[in-house]
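In UniProt numbering, the protein residues as written are 1 to 413. Beta carbons are placed, not taken as given, at the ideal position from N, Cα and C, and that holds for glycine.
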């Protein structure tokens, strides 16, 4: 009973601290504002018939930085057309798109070439689209990192936007992002997208995953200019100045990391550059996984990398989840006396933290909260299985390529 009472106190102290930190974090997690309607220099508003007005708007647009959007696509024929067309219809006036077909075996390359020819024939689509076809992967590179770096080598922009091949952009997304980044005098802006889900259990798991991810990473620290250790990057939207990207060593500096987006953000901070993280759920959306089964299979392939391929860290994470997130739901029935009440208060505090974080990152919380204990067990299982699979295989299978564990460990920092 002494151990249960001690665990009750420790659990409450942990969740009380997390609640205080989360309330503070809410002030550090803004939503990307929409300036496009009010700022004609950052968007293409309906043209005035006055020739002088048109000339003035063109001159203002030319003062904006050229943004090079770089997309890595491997086996993305189902989504690449819609993503690229969204980008071709952005309201931002100075834009180029570089789509890199990374050794795809499906119709991705063909669709990209069709899009390039289609855009060249449309007068109302003035955005240039460059298509690069990568056929081989050099040693020491993960495919996506190599593809993004190849896109950078062709880019002309002062700003570089690294994004994924399945992200849907609102027409004013890039215009608003550039406006926000310039106003904040930031070197790097990363946005969290709206996560599109099509089932209850997938939604519950996605919410829980981002909840635990936020407690582990604490992404809001990216917006604290006085600290230069913890940064954040989101694969759906990493907008960085060319100078900043070159300063962190480009993708060559983390060429063999599966978590390339997070590594980019971390290195921005460590280089002493100014970073901003904001919610972009009103500006971009992504269907992370189409089903719970796909999410489980996808994460078990690479979630071990988030623990730097260290079994001790992964084991600690699983144990911590089970003790602090899951066990309180059992302890309220078995602890007895005041310890049961403390565990009950801890559960309420934990769920309050959950609601606050999910509202800030993804949006509203619904019935998914009712299956919270089940999602704890599911993620614990995924982490444990990811460790087992990686050790058994001696590496990871990622996007059609096998990467040896010893090489991954060497490149983990």
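{"Check": "If we count the other Cβ atoms within 10 Å of its Cβ and call it buried at 16 or more, is residue 245 buried or exposed?", "Outcome": "buried"}
{"Check": "Expressed to the nearest angstrom, what Euclidean distance is found between the alpha-carbon atoms of residue 400 and residue 306?", "Outcome": "20 Å"}
{"Check": "What are the boundary residues of the beta strand (DSSP E) that residue 164 is part of?", "Outcome": "159 to 164"}
{"Check": "If you count every other CB in all the chains shown that lies within 10 Å of the CB of residue 199, and 16 or more means buried, which is it?", "Outcome": "exposed"}
{"Check": "List the residues that DSSP assigns as beta-bridge partners of residue 239.", "Outcome": "161, 189"}
{"Check": "Which residues does DSSP list as the beta-bridge partners of residue 398?", "Outcome": "401"}
{"Check": "On the DSSP bridge list, what partners appear for residue 276?", "Outcome": "189"}
{"Check": "Do residue 352 and residue 418 have their beta-carbon atoms positioned less than 7 Å apart in this structure?", "Outcome": "As displayed, the chain neither begins before 1 nor continues past 413, which places residue 418 out of reach and without an answer."}
{"Check": "Touch check for the stretch 203 to 211 and the stretch 280 to 296: three-plus C-beta pairs under 8 Å?", "Outcome": "yes"}
{"Check": "In the structure shown, what three-state DSSP assignment does residue 342 receive?", "Outcome": "helix"}
{"Check": "When you compare the CB positions of residue 240 and residue 148, do they come within less than 7 Å of one another, or not?", "Outcome": "no"}
{"Check": "How long is the line joining the alpha carbons of residue 139 and residue 133, rounded to whole angstroms?", "Outcome": "18 Å"}
{"Check": "Report yes if the CB atom of residue 32 is closer than 7 Å to the CB atom of residue 176, and no otherwise.", "Outcome": "yes"}
{"Check": "Counting beta carbon pairs with one atom in the stretch 309 to 316 and one in the stretch 217 to 236, are three or more of them shorter than 8 Å?", "Outcome": "no"}
{"Check": "Does the contact criterion of 3 or more C-beta pairs under 8 Å hold for the stretch 320 to 333 versus the stretch 346 to 362?", "Outcome": "yes"}
{"Check": "I think residue 234 touches residue 65, with their Cβ atoms under 8 Å apart; what is that distance to the nearest whole Å?", "Outcome": "Contact doesn't hold; Cβ gap of about 21 Å is too wide."}
{"Check": "Tell me which same chain residues have a C-beta within less than 8 Å of the C-beta of residue 250, skipping the five on either side of it?", "Outcome": "149, 152"}
{"Check": "With residue 301 and residue 398 assumed to form a contact (beta carbons below 8 Å), what rounded beta-carbon distance in angstroms separates them?", "Outcome": "6 Å"}
{"Check": "Do residue 394 and residue 403 have their C-beta atoms closer together than 7 Å?", "Outcome": "no"}
{"Check": "What residue range is occupied by the uninterrupted beta strand (DSSP E) comprising residue 99?", "Outcome": "95 to 102"}
{"Check": "First and last residue of the beta strand (DSSP E) that includes residue 315?", "Outcome": "Taken as a continuous stretch (DSSP letters only), residue 315 belongs to no beta strand (DSSP E), being part of the alpha helix (DSSP H) at 311 to 321."}
{"Check": "Take residue 59 and list the residues in its own chain whose beta-carbon comes closer than 8 Å to its own, dropping the five residues that flank it on each side.", "Outcome": "Per-residue confidence for residue 59 stands at a pLDDT of 49, beneath the threshold of 50, marking its modelled position as unreliable; no derived number is given."}
{"Check": "Assess contact between the stretch 167 to 174 and the stretch 85 to 92, defined as three or more Cβ pairs (one per stretch) separated by less than 8 Å. Is contact present?", "Outcome": "yes"}
{"Check": "Within the chosen definition, does the stretch 355 to 363 reach the stretch 267 to 278 through at least 3 CB pairs nearer than 8 Å?", "Outcome": "no"}
{"Check": "Determine which residues share a DSSP beta bridge with residue 168 and list them.", "Outcome": "285"}
{"Check": "According to DSSP, is residue 32 part of a helix, a strand, or is it coil?", "Outcome": "coil"}
{"Check": "Out of 331, 317, 4, which has the shortest C-alpha to C-alpha gap to residue 376?", "Outcome": "317"}
{"Check": "Quick one: what does DSSP say residue 203 is sitting in, helix, strand or coil?", "Outcome": "helix"}
{"Check": "Quick one: what's residue 194 bridged to in DSSP?", "Outcome": "285"}
{"Check": "Let's test the definition: count the other Cβ atoms within 10 Å of the Cβ of residue 187 and tell me whether it reaches 16, buried, or not, exposed.", "Outcome": "buried"}
{"Check": "Cα-Cα, which of 356, 107, 128 is closest to residue 69?", "Outcome": "128"}
{"Check": "Per the contact definition of three or more C-beta pairs closer than 8 Å, is the stretch 14 to 24 in contact with the stretch 261 to 275?", "Outcome": "no"}
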